[in-house]
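Protein chains in written order, with our numbering: chain A, 75 to 361; chain B, 39 to 448; chain C, 1086 to 1396.
Quick reminder that beta carbons are idealized off the backbone N, C-alpha and C, glycines included.
Model, not experiment: these values are computed from the prediction.
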Amino acid sequence: MSRADPWAKPRVLPLITWLYVVWSIVPVLIAIAFSFNSGRSRSTWQGFSVRWWWTDAGSVAKDDSLQLAVRNSLLLGLVTIVIVVPLGVLLAIGLARWRSRLSHGANLISLIPLVTPEIVMGAALFIVFKELYTGVPLGRGAQILGHVTFTLSFVVVIVRGRLVAIGPVYEEAARDLGAKAHQALRLVILPLLWPAIFASVVIVFATSLDDFVIASFLSSGAGTETVPIRIYSSARGGATPALNAVATVMLIITMGVIGLGFLVLSRARKRRGGEGDAVGDLAGFSL
Amino acid sequence: MANGISRRQFVERSARLAVLAGLSGSILSACGSSGDSGGGGGGSGDTIPLARLDNPVTLPDNGIEAVASGQEPESGTLRVLNYADYINPETQAAFEAEMGTTLEITVYDTEDKLLSNLRNDSLTFDLVMGATTLQLPKFVVGELIQPLNQEYLPNFSNVLATLQSPYYDVGSKYTAPYVVYTTGIAYRRDKIDDAAFASDDAWKLLWDPANKGFAGVLDDSREALTLGMYYRGVTDTNTGDPAILDAAEADIKALVAATDARFDILAWQQIPEGSSHIHQAWSGDMIAAQYYLPEGTDAEVLGYWKPSRTTVANDFFVIPARSERPVLAHALINYLLDPANAQFNFEFVGYQPALTSPTLDDLIAAELVPPHLQSTLVSDEDVANGFRLDALALDVENLWTDAYSRIRSG
Amino acid sequence: MARGEGSRADPQGLWASFTLPGTGWLIALFLIPFYAIAAIAFGGVDPIFGSALPRWNPLTWNFTAFNDVFSEVVNGSLRNVFVRTFSYVGISLVLCFAIGYPVAYYLARYAGRTKGILLACVVLPFWMSYLMRMLAWVNLLNPEGGWAADALNALHAPRLFEALGLGNGGEVWFGQPITVIMGLVYGYIPFFILPLYAALDRIDGRYLEAARDLGASAKATFLNVTLPLSVPGILAASVITALPMFGDYYTNTILSGSPGTEMIGNQIELYITRSRQPQNGAVLVLILSALLLVLMSYYLVITTRAQRSAE
């Protein structure tokens, strides 16, 4: 595919794009900068200090509850991934291949959570765990269940998109060569789905790490507080820039995860001979 | 029943509620409270004792035993329910070092979260900080808190005289006060002259269009509507009279129209930063505001006004019924009732401890309160003369919430 | 198009069984909670605690709260809130498109070697807590020296937005509709750009070359080839971006707090978490969901149609 466009080099588009990038990133940099504020404010500059990182009693290094929140967030994200990705991949493959009137219903059900406001999910899940599923206590278990439910549709959409892109060709070829349905699936489709699976992992992780509505409704107290809960509980009352420091730590960790995902993707792509686009797969949310 | 109590417990609980109904000090009936709340499955009618300043209530025994005297404080982690940043981390660290324990603070940001945490049978907490009179009846009737054992609170004598045996808990059976505060107006002294606040009806300054874009009201249904009432000189802060509430609603809407006022509880941040020049606020906000001044802005710009009689409130400690470390919890209460610790805590929290010592002069001398912010300090007289925001009957509270919803809807 | 149906039996049973765990999960943990919302909306309230008492049996449902709230929505104070919310989301979506489409297009077609860095930059804000970014805007929009506030006021932006009906002309940005809209766009635009980029990326460059070879100008090619091919991507991006926006309440809380910008999410939050009338909040949720159902149905129809035709 030729990339040499016969048209004149665009000037407006890169300008808009880089302006967007600046507009988009400056607040992030400001948020990081405030973690080095010498006073207690998170919105007005008072001088430079590292007190919220390691010297103060309430700093990231010294406040165990902040570190616990980081660990809780990461654990919640990881367990969510481990459950939701296989569940979603199965659901996506099944929905794509299954043809019957019942499948229409399942299709609908799998897509509605995508379009349900978080506060609805959070409040509803809270009530249900309190009144109906009383065997499930609030806390990490409930939070995991809530996050899986909330992110399942993302996985389905990503994987189905990839299935559409793959098309029926490879699977049919395998079947023509004598493979059974489940063999074709395991040996042909799953490896081809690998980039979409990785994209799902990355997106689910990001969504889980920044969710506070559902995690808050389903938390059982300080022991299961996540970083967003700490950040949001303090948004209406006094809080310190130690929270900015915590958010920066989370940012660094998640960038690390993406970087890792990208490396794995490019290596997988090279091995497969370059079908598709690693970066595109990473952002692969499409019909 | 959905929360899984046994039939025997249900019968016992009903019997106890009936006894409480008989014993309760003041069942609000004059203001048209009804028993029907949409046919809810709980009790039949209001059985909550609703205390008022002129109608003090001795809280009934709710069947939970206080912890026995003479025991050593338990070891282990003390699980505390508290607002965010409502205790000095260094005070916390000092207590932890002295008692050889750790504090695990679970943060709540609304009363509902506090209530649902306490009612959750799978969670246990040892101490609650920041509870208010709005929740106290629910705590007692709902068997969520246990009585205090004064033997573990030698420092209790340090509590303000007017709060030693408060109207909402005569004899201080369940509560010990934490901080006390008033509601007033926080303002920028460099934008609005002190002289403007000379009279007792300076509430009207919030309606002044000269402050367009820079005015604020507390994001609280009770505080917002009582502001409207005070503007008219009405002081029945627990009213259920729809006429009064309608008038207050109209007045606050007029305030919004005149000044584009915004609703939040961020006066402590906005006044020093300059994004607000005049804001209905709590007294502790302006003390805390000193820590949020931008580089190059002096604390001189911070101002706080309150009339001679205004909303006064105090919050308090309570110990949950299922607390596993009640003696240790008492120890923390006692620790914070000590003058030196309370003063140190005040340095961070900014809300005045409800104690006789440290005195107002002590706080001023320690330079924790600059002279121009002396109005933020709450005296015994303020407490004696103040108006209170107390618990309301269900249908009355719904009137307030609906009025607030209409105000916020624009 | 028959897929192997002639040659060997398509194991429909196998595929159906694949969907069982996921669908079962969603029924247990999504549909039933959704029914719980209805059970609360038409249920009662604990007279002591003021908490919701759901009624699971529809025959016992109590419609008082629903009638009250519904009449408030139709001709009371809540009507403004609904209208305002829908218009904010609509305007935000248009802005997301206006900013996001060029960015996604550039990324897909022209970025070349900078593509990796650019995409990382586009995705980066995604990883910083939404609240932290909003608080950074509080800093940027501070009337006393915030960079964005100073720049916008110097450019006489308040007058422009006032003329558009999105502002009050004042130099204080907190509390103005345009500020809340900007906050929504800022927070949700990564959700728009990523799926759109992926869709534009899969547009085969040969179509564009063919159009060019047939003599079409750049503009004509864009309008007749690129844009139509990107419609499914635009639709998916719009739905994923807009639908969560309807329930958003924190953007307004942090950047405004003014009754003039109150969104339906704020009222829902007020009733569910700060009142003794949670059933009112639940009713609002049901009404909002009913209104969104129309949009959802449209999306679902297009999605399933596109997937069927691709397979």
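Which word fits Q1261(C), buried or exposed, when buried means at least 16 other C-beta atoms lie within 10 angstroms of its C-beta? Burial call: buried.
Tell me whether the beta-carbon of F291(A) lies closer than 8 Å to the beta-carbon of F200(A). Taking the C-beta atoms as reference points, F200(A) is found nearer than 8 Å to F291(A).
Using 8 Å as the limit for Cβ to Cβ distance, is F1103(C) near chain A? Judged by the 8 Å Cβ criterion, F1103(C) is in contact with chain A.
Can you find at least 3 beta carbon pairs, one from the segment 431-448 of chain B and one from the segment 259-275 of chain B, that sit closer than 8 Å? With a cut-off of 8 Å, the segment 259-275 of chain B and the segment 431-448 of chain B count as touching, because enough Cβ pairs lie within range.
Cβ closer than 8 Å: which chain C residues qualify as neighbours of E192(A)? Near E192(A) (Cβ distances below 8 Å), the residues of chain C are P1329, G1332.
Run down chain C in chain order and give the residues with a C-beta less than 8 Å from the C-beta of S174(A). Going along chain C in sequence order, the residues near S174(A) (Cβ under 8 Å) are Q1097, A1101.
Proximity below 8 Å, CB of R171(A) to CB of W1141(C): For R171(A) and W1141(C), no; Cβs fall outside 8 Å.
Local conformation of F122(A) per DSSP, three classes: Of the three classes helix, strand and coil, the one that applies to F122(A) here is strand, per DSSP.
Cutting at 7 Å between CB atoms, please list the residues of its own chain near W227(A), excluding the five before and the five after it. The sequence as given places Ser at residue 227(A); Trp does not occur at that position. When the five nearest sequence neighbours on each side are left out, the beta carbons in the same chain lying within less than 7 Å of the beta carbon of S227(A) are those of S184, L185, P187, L188, in order along the chain.
In or out: L161(B) buried (at least 16 other Cβ within 10 Å) or exposed? Counting the other Cβ atoms within 10 Å of the Cβ of L161(B) gives 16 or more, which makes it buried.
Give a yes or no on whether the minimum CB-CB distance between V217(B) and chain A is below 8 Å. By this cut-off, V217(B) is not an interface position.
Going by DSSP, what residues sit across from E142(B) in a beta bridge? The partner list for E142(B) (beta bridge, DSSP) reads R117(B).
Give the C-beta separation of S147(A) and M324(A) to the nearest angstrom, bearing in mind that I take them to be a contact with Cβ-Cβ under 8 Å. Separation of the CB atoms of S147(A) and M324(A) is rounded to 7 Å, and the pair is thereby assigned contact status at 8 Å.
Contacting positions in the segment 173-206 of chain B - beta carbon closer than 9 Å to chain A: Residues: none.
Interface partners of F1277(C) on chain A, CB under 8 Å: Within chain A, not a single residue places a beta-carbon under 8 Å from that of F1277(C); the smallest gap is close to 10 Å.
Helix or strand or just coil, what does DSSP make of F1127(C)? Collapsing the DSSP output to three states places F1127(C) in coil.
Buried/exposed call for R300(B), threshold 16 Cβ in 10 Å: R300(B) is buried by the Cβ-count criterion.
Going by DSSP in three states, G168(B) sits in which element: helix, strand or coil? Strand at G168(B).
Using the rule of at least 16 other Cβ atoms within 10 Å of the residue's Cβ for burial, across every protein chain shown, is W1232(C) buried or exposed? By the 16-neighbour rule on beta-carbons within 10 angstroms, W1232(C) is exposed.
Partners in chain C for F425(B), counting only beta-carbon separations shorter than 7 Å: Within 7 Å Cβ-Cβ: nothing; F425(B) doesn't reach chain C, min ~22 Å.
Going along chain A, which residues have a C-beta under 7 Å from A131(B)? Ordered by position in chain A, the residues that pass the 7 Å Cβ test against A131(B) are A131.
Please confirm whether K229(B) has its beta-carbon closer than 8 Å to some beta-carbon of chain C. For K229(B), the answer is no, since every Cβ of chain C falls outside 8 Å of its Cβ.
Check each residue of the segment 1333-1357 of chain C: if its Cβ is closer than 8 Å to any Cβ of chain B, include it; give the result in chain order. From the segment 1333-1357 of chain C, only T1338, S1341, G1342, S1343, P1344, G1345, T1346, E1347, N1351, Q1352, L1355, Y1356 have a Cβ closer than 8 Å to chain B.
Any beta strand (DSSP E) of 3 or more consecutive residues that is wholly inside the segment 127-171 of chain A: For the segment 127-171 of chain A, not a single whole beta strand (DSSP E) run of length 3 or above is found.
Using a Cβ-Cβ cut-off of 8 Å, state whether F386(B) counts as contacting chain C. Taking 8 Å as the CB threshold, F386(B) stays off the interface with chain C.
Below 8 Å on the Cβ atoms is my guess for F122(A) versus F108(A); work out the distance and round it to an integer in Å. Taking the Cβ atoms as the reference, F122(A) lies roughly 11 Å from F108(A), outside the contact range of under 8 Å.
How many Å lie between L149(A) and P1344(C) at the Cα? Distance between the alpha carbons of L149(A) and P1344(C) is about 39 Å.
Quick one: what does DSSP say F200(A) is sitting in, helix, strand or coil? If DSSP states are grouped into helix, strand and coil, F200(A) belongs with the helices.
So, using beta-carbon positions, are P1143(C) and A1121(C) closer together than 8 Å? In this structure, A1121(C) does not lie closer than 8 Å to P1143(C) by Cβ.
Spatial neighbours of G162(A) within its chain, please: C-beta separation below 6 Å, excluding the five flanking residues on both sides. Excluding its 5 nearest sequence neighbours in each direction, G162(A) has C-beta neighbours in its own chain below 6 Å: L226, V229, V230, listed in chain order.
Within its chain, find whatever has a CB closer than 7 Å to the CB of G254(B); leave out the 5 residues flanking it on each side and keep chain order. Non-local C-beta neighbours of G254(B) in its own chain, meaning closer than 7 Å and more than five positions away in sequence, comprise A299, R300, D302, A305, Q308, S314, H317, Q318, ordered along the chain.
Whether or not the segment 134-147 of chain B and the segment 110-126 of chain B are in contact is what I'm after, with contact meaning three or more pairs of Cβ atoms, one per stretch, closer than 8 Å; do they touch? With a cut-off of 8 Å, the segment 134-147 of chain B and the segment 110-126 of chain B count as touching, because enough Cβ pairs lie within range.
With respect to the alpha helix (DSSP H) encompassing W245(B), which residues constitute its N-terminal and C-terminal limits? For W245(B), no alpha helix (DSSP H) segment is defined, and its DSSP state is neither H nor E.
Report the neighbours of S432(B) on chain C: residues whose CB is nearer than 8 Å to its CB, in chain order. In the sequence under discussion, the amino acid at residue 432(B) is Leu, which differs from the Ser named in the question. L432(B) reaches chain C at V1130, P1132, G1135, R1361, counting residues in chain order whose Cβ is nearer than 8 Å.
Whose Cβ in chain C lies nearer than 9 Å to the Cβ of V294(B)? Those within 9 Å of V294(B) in chain C are S1343, P1344, G1345.
Quick one: Cα of R446(B) to Cα of W1258(C), how far? Near 19 Å, if we compare the C-alpha coordinates of W1258(C) and R446(B).
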